[in-house]
Amino acid sequence: MSSVPIASPASSIASRLLATALLGLALVVAGCSSLPSQVQRNPTTAFANTAETSLGKTFAKVEAAHPGLSGIRALPSAEDAYAARILLARGAERSLDLQYYIWRNDTTGKLMWQALWDAAERGVRVRVLLDDANTAGLDPMLAALDAHPNIEIRLFNPFANRGLRAGDFAFDFSRVNRRMHNKSFTADNQLTIVGGRNIGDEYFGANMELGFQDLDVLAVGPVVREVSTAFDLFWNSPSAYPAASLLRPPGPNDAAELVTGWNRVRNDPVAMRYLEAVRKTPLLVELGQGSLAFDWTQARVVHDDPAKVLEPDDRADLQMLPQLEAAFAHPRRELDLVSPYFVPGKDGTQSLVAMAKAGIQVRVLTNSLAATDVSAVHAGYSKYRQRLLEGGVRVYELKPGDGVPPPDEGGKDERSGVQLPGSGRSGSSAASLHAKTFAVDRERIFVGSFNLDPRSARLNTEMGVIIDSPQLAGHLANQLDTVIPDKAFEVRMQPDGRGLVWIDRTPQGEVRTNSEPGAGAVKKLWIDLLEVLPIEWLL
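So this is what it looks like as structure tokens:
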């Protein structure tokens with residue numbers, strides 16, 4: 436029997452040193468990579484005259500009945516949100532313009548690519564602007580898509596090194612730390628979808644392990660042209676690089692392999708069950724027939740300037756935050772804030788407390804520690820939680836999983852209602868809040884990509900829609916009145932004022948606990964450590 440060689444301590448140390456040296460060398464080489472200096476960007480803009488398209492004709496009469504107003508329809512249901520996008524892709528005749536932070540290479544992501552490919556095959560011009568932070572490993576697919584004569588892919592603020600991205604983080608961190616978080620989907624410059632959802636299974640109820648509680652709005656009318664204007668600004672900006680300037684050309688068989696792969700996904704039993712659920716959504720039938728009910732009102736787009744990722748973070752003229760403050764910072768009666776990543780900072784905390792002390796009802800819904808998918812953000816929030824509560828702000832934290840009802844409950848099709856957690860079927864075993872929406876005085880509401888945290892305010896670019904709608908804003912407030920107290924922990928001060936208590940309202944009665952519910956000791960210790968680190972500006 437031969438013996439098994441055992442490495443000596445010296446050889447083991449030498450191997451580790453060699454591995455470390457090789458990694459360091461790789462990082463140095465990657466750090467030497469740079470973005471191309473000569474890039475040909477052919478400026479393009481949204482088509483202006485699309486009234487004669489099928490989508491234009493479908494909504495022409497109802498638009499004419501509401502001159503100057505935009506039609507808004509909330510999409511709280513995951514399947515509705517996916518169905519609306521698929522229908523827009525299938526119904527487009529001239530153009531599809533998409534802008535996203537994340538596009539997963541999963542079931543819904545691949546089927547969405549197939550829908551865009553099919554549109555391009557019909558002669559539709561397809562423009563897709565992706566933030567480059569989440570495209571690792573997707574270069575061959577993106578190159579094959581971009582090679583289609585009717586599809587153009589651009590990557591926003593891309594990584595120079597397409598392999599070892601750690602090199603960019605190591606040597607160009609200040610740039611690559613700034614990302615494009617915008618999300619929009621526009622067909623024929625006639626209808627658009629704006630909100631919090633990226634493209635991926637967890638956003639559309641197709642992931643059985645994790646489901647995000649999210650919110651988009653479908654819009655028709657003048658606000659669509661505003662979305663297109665914002666898209667064109669980002670599309671033609673210096674930070675948007677044509678994929679062909681960064682990626683290797685595709686192979687001769689890459690396109691055929693993509694189509695084969697999409698068809699294989701479509702025939703997968705899991706995908707077939709999901710698509711059947713999507714086909715059953717009432718929205719699909721109503722939108723196709725032009726009978727979909729909208730809330731006709733004033734709406735306007737707010738967004739950061741794409742130059743925000745290249746300039747110092749104190750350039751307020753490039754930020755949308757002042758526009759949000761003008762719309763929501765002076766409530767008369769109440770302010771409702773829903774943000775999955777909520778880090779108010781000292782100034783934000785002071786402002787919210789001042790409102791509460793002035794008699795304004797201020798309510799916040801965010802993720803609990805057990806529900807959040809980013810522990811560092813929870814640490815940034817928890818530093819300010821007690822001060823908010825002492826100042827009279829009411830705080831709710833979404834329970835993990837409880838936000839999603841069983842398939843035979845919820846999913847109710849409220850015509851234009853904003854439904855938060857418990858709205859829409861998901862079937863996932865864990866739920867995490869992802870919607871970003873704010874309402875003031877039950878009159879005005881924001882829906883978009885903006886989180887109430889330093890990253891959205893100073894580092895990333897964001898966008899959304901401010902809607903003057905007592906119907907939508909009032910529905911959000913009613914949710915916080917009636918539904919949220921059962922779907923979230925309410926956090927309060929202890930009666931003696933020396934600590935916090937989490938109130939869980941269950942069918943059996945209230946359950947109170949004096950520590951973060953649903954989180955183990957190790958996770959709580961980790962949060963305690965993160966709280967003292969100087970990382971708030973990154974959150």
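Basically this note's numbering = 1-based index in the sequence shown + 435. Glycine included, C-beta positions come from ideal geometry on N, C-alpha and C. Please read these numbers as outputs of a predicted model, since none were measured by experiment.
Can you look up residue i in the DSSP assignment and give me helix, strand or coil?
i      : result
Ile795 : coil
Gly932 : coil
Asp771 : strand
Met615 : strand
Met755 : coil
Asn802 : strand
Val809 : coil
Leu470 : coil
Val659 : helix
Pro905 : helix
Tyr676 : strand
Ile938 : strand
Tyr819 : helix
Val946 : strand
Glu587 : strand
Leu973 : helix
Arg829 : strand
Val700 : helix
Glu925 : strand
Count the other C-beta atoms from every protein chain shown that fall within 10 angstroms of the C-beta of residue i, then say buried if there are 16 or more, exposed otherwise.
i      : result
Phe608 : exposed
Lys545 : buried
His765 : exposed
Trp538 : buried
Thr948 : exposed
Ser858 : Low confidence applies here, because Ser858 scores a pLDDT of 39, under 50, leaving its location unreliable and the question unanswered by this model.
Gly503 : exposed
Met707 : exposed
Gly838 : With a pLDDT of only 43 at Gly838, under the threshold of 50, the placement of this residue in the model should not be trusted; the figure read from the coordinates follows. With 16 or more Cβ atoms within 10 Å of its Cβ, Gly838 is classed as buried.
Thr493 : buried
Val474 : exposed
Ser861 : Its pLDDT being 38, under 50, Ser861 is placed unreliably by the model, and nothing is read from it.
Gly944 : exposed
State yes or no: is the C-beta of residue i within less than 7 Å of the C-beta of residue j?
i      : j      : result
Val882 : Thr896 : no
Ser663 : Thr621 : yes
Ala641 : Thr542 : yes
Leu772 : Val799 : yes
Ala524 : Ala550 : yes
Ser904 : Asp730 : yes
Val828 : Leu787 : yes
Leu753 : Lys743 : yes
Phe591 : Met615 : yes
Ile962 : Tyr831 : no
Leu533 : Asp651 : no
Leu833 : Ala923 : yes
Leu935 : Val946 : no
Val658 : Ile901 : no
Ser469 : Ala605 : no
What's the gap between the Cα of residue i and the Cα of residue j?
i      : j      : result
Leu911 : Phe763 : 15 Å
Gly598 : Ala571 : 8 Å
Ala734 : Ala654 : 9 Å
Leu770 : Ala665 : 27 Å
Thr801 : Arg562 : 34 Å
Asn702 : Val694 : 13 Å
Arg476 : Asn585 : 16 Å
Trp887 : Pro687 : Just to set this straight, residue 887 is Leu in the shown sequence, not Trp. Straight-line Cα distance between these residues: approximately 46 Å.
Leu796 : Gly909 : In the sequence on display, residue 796 carries Gln and not Leu. Those two C-alpha atoms are separated by around 14 Å.
Ser408 : Ser891 : Nothing can be reported for residue 408, as the shown portion of the chain is limited to 436 through 974.
Phe777 : Asp649 : 15 Å
Asp782 : Ala789 : 11 Å
Asn484 : Leu490 : 12 Å
Pro779 : Tyr816 : 7 Å
Val705 : Lys715 : 16 Å
Pro684 : Leu668 : 27 Å
Lys818 : Lys618 : 30 Å
Ile507 : Phe885 : 19 Å
Tyr517 : Arg529 : 21 Å
Gly845 : Asp581 : In this prediction, Gly845 scores a pLDDT of 31, lower than 50, which makes its location untrustworthy; the coordinate-derived value is nonetheless stated afterwards. C-alpha separation (whole angstroms): 40 Å.
Ile938 : Asp921 : 10 Å
Gln821 : His583 : 55 Å
Leu907 : Gly899 : 15 Å
Gly696 : Glu487 : 35 Å
Quick one: does residue i have its CB under 7 Å from some CB of chain C?
i      : result
Arg539 : In summary, chain C is missing from the structure at hand, where a single protein chain is found.
Just to confirm, does residue i get its C-beta within under 6 Å of one of the non-hydrogen atoms of the ligand SAH?
i      : result
Arg560 : You won't find the ligand SAH in this model; it holds no ligand whatsoever.
Report the start-end ranges of each alpha helix (DSSP H) in the segment 705-756 that is 4 residues or longer and not cut off at the edges. 717-724
So within the segment 485-522, which uninterrupted beta strand (DSSP E) runs reach at least 3 residues, ignoring any that extend past its ends? 505-510
Just to confirm the assignment: which complete beta strand (DSSP E) runs, minimum length 3, are found wholly within the segment 540-572? 560-566
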